[in-house]
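First up is the structure itself, then whatever we jot down about it.
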Amino acid sequence: MRITCPFCGERELGEFTYLGDAKPVRPAADAGEDVVYDYVYLRDNIAGVMSENWYHGGGCRAWLKVTRNTLTHEISAVEAAAGAGARQASK
Amino acid sequence: MAEFSWDIRSPLDRALVAGPYGARGDAGVALTEIRNFDLVQVMARRGKAAELAKAAKDRFSVAAPEMPKAVGTADATLIWSGPDQFFVLSKGGKHSIGALAPPFAGSASLSDQSHARVLISVSGAKARAMLAKLSSIDLHADAFAIGAAAATSMDHTSVTLWRGNDRDGLAVFNVLVFATFAESLWHTMLDSAAEYGVAINHSEELA
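So the sequence lines, in the order shown, correspond to chains A and B.
Going by this note's numbering, the first sequence runs without a break in its numbering and finishes at 92.
Going by this note's numbering, the second sequence runs without a break in its numbering and finishes at 215.
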């Protein structure tokens, strides 16, 4: 599998580390216990297109948001995660 | 009381033995450690990337690289090292961290890497063949021209790689590696190059 880093270009999988599902969003401080439990512990086991966080630690050390099909490994989109040089990636 | 020596020495001081190595005959690869340089990492502060770009242009009279490139100035090389950050490689103290602090105050965070990285120059007719064993980057001249750079890994070790100006019509590749990983990578490079014959040396001249 290869991932096309928006900063570095196409690189082999070995340069990247998988973090996991990019969908969960940290709940507000006053959110209920069930919502926090869901955020911390519960994950969807998606068979299909999934939005994931990857870290390009063997390259530019940027965090990336990768849209990947977990059945085929087909990658349809890669973008910089929020705050990770998004200005440069959008060029 | 124990006595300490604070002499500054290269991390390759013991590993690097100048001379020929590997296959006999004309050396296909030249491995040269470049010593005694100033290296400063310049990283934009949050939201200050545009200010940093302007400060760099004012300081160096050329634009700092915003993509994986190495840009030469009159007396320094600016090497892309990631989004909104680059290295300043130079000699003689003119672009030391002390000299760069005022122009980049406010726009960037500086980090002196002069003794934290080892700079290895790889050249010779078989340089690309040797590096192909260690790197997943396409180093063919069409894909990796003079001035091309990459933040990548060799042998699971993070490196900054860029192609300098040709010497004797042959490509010259520069590798910056963390000091503590330098000896390991050096041995790996030596082993990879042995079949081509290697000329080992160190120099104070930036390629």
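The C-beta atom is built at its ideal place from N, Cα and C for all residues, glycine as well.
Cβ shell of T18/A (< 6 Å), same chain only, five flanking positions each side left out: These residues qualify, in order along the chain: Y56 and G58.
Would you tell me roughly how many angstroms separate the C-alpha atoms of A35/B and S192/B, rounded to the nearest one? Going by C-alpha positions, A35/B is about 22 Å away from S192/B.
Residues of the stretch 4 to 27 of chain A with Cβ closer than 8 Å to any Cβ of chain B, in chain order: Correct list: F8, C9, G10, R12, E13, G15 and E16.
Jot down the residue ranges of each uninterrupted alpha helix (DSSP H) in the stretch 60 to 133 of chain B, minimum 4 residues, whole runs only, in chain order. You should have 105 to 112.
For L39/B, is the classification buried or exposed, using 16 other Cβ atoms within 10 angstroms of its Cβ as the cut-off for buried? Answer is buried; the Cβ neighbour count reaches 16.
Using a cut-off of 9 Å between C-beta atoms, extract the partners of A63/A located in chain B. Residues of chain B passing the Cβ test: G90 and P91.
So if DSSP puts L178/B in a beta bridge, which residue, or which two residues, is it bridged to? Secondary-structure assignment with DSSP links L178/B through a beta bridge to R175/B.
Unbroken beta strand (DSSP E) run spanning D46/B, endpoints: Unbroken beta strand (DSSP E) run through D46/B: D46 to A52.
Own chain residues within Cβ distance below 7 Å of A23/B, not counting five before or after: These residues qualify, in order along the chain: E191, W194 and H195.
Any chance the stretch 153 to 170 of chain B sits against the stretch 75 to 85 of chain B, with 3 or more Cβ pairs inside 8 Å? Segments in contact, yes.
So which residues on chain A does A78/B lean against when the C-beta distance must stay under 9 Å? Under the 9 Å cutoff, chain A gives no residues; its nearest Cβ is about 14 Å from A78/B.
Host alpha helix (DSSP H) of Y204/B (start-end): In the DSSP assignment, Y204/B falls outside any alpha helix (DSSP H) and carries neither an H nor an E.
In angstroms, rounded to a whole number, what distance separates the CA positions of K56/B and R62/A? So the alpha carbons of these two residues sit roughly 19 Å apart.
Based on the DSSP secondary-structure assignment, which residues constitute the bridge partners of W170/B? According to DSSP, W170/B bridges with A157/B and N182/B.
Please report how far the alpha carbon of A82/A lies from the alpha carbon of L139/B, in whole angstroms. Those two C-alpha atoms are separated by around 31 Å.
Measuring CB atoms only, is the stretch 171 to 191 of chain B touching the stretch 118 to 133 of chain B, in the sense that at least three cross pairs come out at less than 8 Å? Result yes; three or more Cβ-Cβ pairs closer than 8 Å.
Contact under 8 Å by Cβ, V48/B with L86/B: Using a Cβ distance threshold of 8 Å, V48/B and L86/B do not count as a contacting pair.
Closest Cβ-Cβ distance between A135/B and chain A: below 8 Å? Not one chain A Cβ lies under 8 Å of A135/B.
Is any heavy atom of the ligand SAH found at a distance shorter than 7 Å from the C-beta of R175/B? Ligands displayed in this structure: none; no statement on the ligand SAH is therefore possible.
Under the three-state DSSP convention, the category G15/A falls into: In the three-state DSSP reduction, G15/A falls in the helix class (H, G or I).
Status (buried if at least 16 other CB within 10 Å, exposed otherwise) for W88/B: Per the 10 Å Cβ criterion, buried.
Range of the contiguous beta strand (DSSP E) that encloses R136/B: For R136/B, there is no enclosing beta strand (DSSP E); the residue is part of the alpha helix (DSSP H) that begins and ends at A135 to A140.
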